[in-house]
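Each protein sequence line maps, in turn, to chains L and F.
For the first sequence, the numbering used here begins at 21 and goes up steadily by one.
For the second sequence, the numbering used here begins at 41 and goes up steadily by one.
To start, the structure itself, in structure tokens.
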Amino acid sequence: MRRPLGWARRNLPAIIVFVAFISAWQIALSNIETRAFILPAPSSIVNALFENWEAGYQIWPAAQVTFQEAAGGMVIGTIVGVLVALLISRWRLAGDIALPVAVAISAIPVIAFAPIANNWFGVLSPTSKMVIAAVLVFFPIMINVLRGLTEVPPSSIELMRSYAAAPSAVFWKVRVPNALPYFLTGLKVGVTLALIGAVVGEYFGGLTVALGRIVVSSASTLAFEITWAAIIVASVVGIAMYLLIVAVERVAIPWHPEVRGEQR
Amino acid sequence: MTSASSPTPSVVDISGVTKTFDVPGHGTMTALEGINLTIGRGEFVSLIGPSGCGKSTLLRLIGDLTDPTAGTVAVNGKPAPQARVDRDYGIVFQAPVLFDWRNVEENVRLPLELARIDKAAREARVTEMLELVELTDFRRHHPYQLSGGMQQRVSIARALSFEPALLLMDEPFGALDEMTRERMNSEVLGIWAQTGITVVFVTHSIPEAVFLSSRVAVMSPRPGRISRLVNIDLPRPRTVETRESRRYFELVTEVREALRGHEGGGEGITGGEAGLDDAALERMAAEGGIG
């Protein structure tokens, strides 16, 4: 484990660039005559974050709603993805049937599917957004877990064979732990997709207190500092969810080269 | 694990064994032909030969990790498949094959878990094994925190943990540097003397084979055969002085000449009719034999 000082030193270049970029943006907009709807200044976006209640844009409650939808989609997509991966790894026939279907589902553009899901599961219900998010999350989870369960070093299987290990023992003691890092990789990919799915679902209708709705309605009234504020909050939610998975990863697979590499 | 009714005192009994592989585009390739070998209890036998002579395949036949095309393989007086199911042997591969997610003691414990040994006995065995390979202080370390030699010691401790009658070692120190290899050789001899276990040891190092073994089976390629059995009559315990003794050099020369005797015909040591080496044979065996 590195000290906080090490963390700061490692991220210092990124922090400097970020601060410089925001400052330049602010200074440029205070000196150049630009209309706010093209690019609002950072200060007005920050103001919008905290002073939008009167305008009816409730960004913080909306963030909570969108987060819940993304998290719900994450849970559904993960459960289905893991189950399908287990099924496919166990029976080849299941793979021959399910893999093309899974690939086809993953190829559906989410924009095309979102209105249909809203129609099926209720445009005002969070369920419809969860389903849209789940469809996006499903594929990376399924593919990664499947790889983890099947791409076991042949030498490990041979070792287990030399111990006359039962197939169930090979599954629990080799395949499952082998799949864990792959699963976490799938979660990291899935978690950002879940947020995209939830927001896109909201675009096509839903309760007004939701980040996707705020983006649509504030843009239509040219309140672009609110649009920007909603986008920033959405990305912060996404980053937070991602970092949560990274934290879980550090606890769950401290032995994995990827986790060890991050500590260096 | 030896049954009292076992009619034969030998631990390994190989008779008339032939092993062929179907190589796509090359027809059938004979990896081993007419192999007869009997290994008695407590022996240390090395299999040595150039790449492609089938020495690893022979070891895998003993372990029932692949099937003979013809002939019989018996371990502890039982057919090899039964011996495997009875866990009559432990195996050490060239790579340590440790599970990254298990720490040292958990890796050593694996076969004991599979054999459903109860927890108290299991812990006692693990402690004993870690003392044997001198890794007691590293029991909570993970494999990535260990050197190559230490990892291989964990692998040896794991192979011995359930007290098998036979230890199979497939070029276990091939990936280690010369100094570490010599130290590991001495350690293996110490373990062998302490446990009285029977060892079959695959190597391509002549000094290693001579230093360790009671007998060296010299193999020749295309098709793989045992061309000569060399008795190693060096006194035990074998030490650093052994490596400097006149008799040691004589035996090293003897094994080297036995190996050279089959090199002729202008053919190099590697590559065969089908351009296959041991590794390729192993892969095929893994694909064909386990399924």
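Where a beta carbon is used, it is the ideal one built from N, C-alpha and C, also for glycine.
These numbers come from a predicted model, not from an experiment.
Within a Cβ cutoff of 6 Å, which residues of the same chain sit near residue i, ignoring the five residues on either side of it in sequence?
i	result
Pro146(L)	Glu89
Trp27(L)	none
Gly306(F)	Residue placement at Gly306(F) cannot be trusted, given a pLDDT of 39 that sits under 50; what the coordinates show is reported in the next sentence. If we look at Gly306(F) and ignore the five residues flanking it on each side, it has no Cβ neighbours.
Ala214(L)	Ala90, Gly93, Met94, Ala153, Val157
Ala160(F)	none
Phe159(L)	Ser126
Phe178(F)	Val144
Met219(F)	none
Note down, in chain order, each residue of its chain lying with its Cβ closer than 7 Å to the Cβ of residue i, except the 5 sequence neighbours on either side.
i	result
Val148(F)	Val166, Met169, Leu170, Val194, Ala197, Arg198, Ser201
Phe141(L)	Thr147, Ser148, Val151
Gly304(F)	In this prediction, Gly304(F) scores a pLDDT of 48, lower than 50, which makes its location untrustworthy; the coordinate-derived value is nonetheless stated afterwards. Cβ within range, chain order: n/a, list empty.
Val113(F)	Ile54, Val57, Leu101, Ile102, Ala120
His276(L)	Pro201
Val37(L)	none
Val279(L)	Glu269, Arg270, Ile273
Val219(L)	Thr86, Leu231, Gly232, Ala254
Val236(L)	Tyr223
Gln134(F)	Asp210, Glu211, Pro212, Gly214, Ala215
Gly312(F)	With a pLDDT of 40 at Gly312(F), under the threshold of 50, the predicted position of this residue should be treated as unreliable, and no value is reported.
Leu144(L)	Gly226, Leu227
Ala251(F)	It is worth fixing the name first, because residue 251(F) is Phe in this sequence and not Ala. Cβ within range, chain order: Asn225, Arg278, Thr282, Arg283.
Would residue i and residue j be called neighbours here (beta carbons separated by less than 8 Å)?
i	j	result
Val165(L)	Asn198(L)	no
Leu207(L)	Thr98(L)	yes
Thr235(F)	Arg81(F)	no
Asp126(F)	Lys118(F)	yes
Leu169(L)	Ile273(L)	no
Pro183(F)	Leu138(F)	yes
Ser238(L)	Ile246(L)	yes
Val280(F)	Ala249(F)	no
Leu152(F)	Arg162(F)	yes
Val270(F)	Val292(F)	no
Trp248(L)	Ile65(L)	yes
Ala132(L)	Arg124(F)	no
Ala178(L)	Leu154(F)	In the sequence as displayed, the identity of residue 178(L) is Glu instead of Ala. No; because the gap between Cβ atoms is not below 8 Å, this pair is not in contact.
Ile108(L)	Ala118(L)	yes
Taking all protein chains shown into account, decide if residue i is buried (16 or more other Cβ within 10 angstroms of its Cβ) or exposed.
i	result
Trp111(L)	exposed
Tyr129(F)	buried
Met162(L)	buried
Glu269(L)	buried
Tyr202(L)	buried
His66(F)	exposed
Ile266(F)	buried
Ile96(L)	buried
Asp158(F)	exposed
Leu98(F)	buried
Gly264(F)	buried
Lys180(F)	Residue 180(F) is actually Arg in this sequence, not Lys. Arg180(F) is exposed by the Cβ-count criterion.
Thr48(F)	A caution first: Thr48(F) carries a pLDDT of 49, below 50, which makes its placement in the model too unreliable to give a value.
Ala186(L)	exposed
Met224(F)	buried
Gly210(L)	buried
Return the Cβ separation of residue i and residue j in integer angstroms, given the expectation that the two are a contact with Cβ distance under 8 Å.
i	j	result
Gly93(L)	Ala154(L)	4 Å
Leu206(F)	Val52(F)	7 Å
Tyr77(L)	Ala134(L)	In fact, because the Cβ distance is near 22 Å, the residues do not count as touching under 8 Å.
Ile18(F)	Val240(F)	Limits of chain F in this structure are 41 at one end and 331 at the other, which puts residue 18(F) out of reach.
Leu376(F)	Arg287(F)	Any answer about residue 376(F) is impossible in this case: the structure gives chain F only from 41 up to 331.
Val39(L)	Val229(L)	About 32 Å separates the two Cβ atoms, so there is no contact after all.
Val63(F)	Leu101(F)	Actually they are not in contact, since the Cβ atoms of Val63(F) and Leu101(F) sit about 18 Å apart, beyond 8 Å.
Ala61(L)	Ser43(L)	With 8 Å as the limit, Ala61(L) and Ser43(L) do not qualify as a contact, their Cβ atoms being about 11 Å apart.
Leu175(F)	Met190(F)	7 Å
Leu72(F)	Gly94(F)	4 Å
Asn138(L)	Gly232(L)	In fact, because the Cβ distance is near 11 Å, the residues do not count as touching under 8 Å.
Val132(F)	Asp210(F)	7 Å
Arg278(F)	Leu229(F)	6 Å
Gly234(L)	Ile136(L)	Rather than Gly, the amino acid found at residue 234(L) in this sequence is Ile. Rounded, the Cβ-Cβ distance is 23 Å, inconsistent with contact.
Val130(L)	Gly217(L)	6 Å
Less than 8 Å between C-beta atoms, sequence neighbours within five positions excluded: which residues of the same chain meet that for residue i?
i	result
Ser253(F)	Phe84, Val85, Ser86, Phe241, Ile272
Val173(F)	Arg193, Val194, Ile196, Ala197, Glu227, Ile231
Leu106(L)	Val165, Leu169
Gly233(F)	Looking at the sequence itself, residue 233(F) is Ala, so the reference to Gly does not match. Closer than 8 Å at the Cβ level, and outside the excluded window around Ala233(F), lie Arg276, Pro277.
Val194(L)	Val172, Ser176, Ile177, Met180
Leu69(L)	Ile79, Ala249, Ile252, Val253
| Entirely enclosed alpha helix (DSSP H) segments - the region 117-199 of chain L, minimum 4 residues | 130-141, 146-170, 174-182, 187-190
| request: Scan the region 138-220 of chain F and note each continuous beta strand (DSSP E) run of 3 residues or more that stays entirely inside, going in chain order. | output: 206-210
| Could you give the uninterrupted runs of the beta strand (DSSP E) lying entirely in the region 81-148 of chain F, keeping only those of 3 residues or more? | 84-88, 110-115, 129-132
| query | Along the chain, which unbroken stretches of the beta strand (DSSP E) at least 3 residues long are found entirely within the region 47-102 of chain L? | reply | none
| request: Run through the region 209-266 of chain L for me and flag every whole alpha helix (DSSP H) of 4 or more residues, listed as ranges in chain order. | output: 231-240
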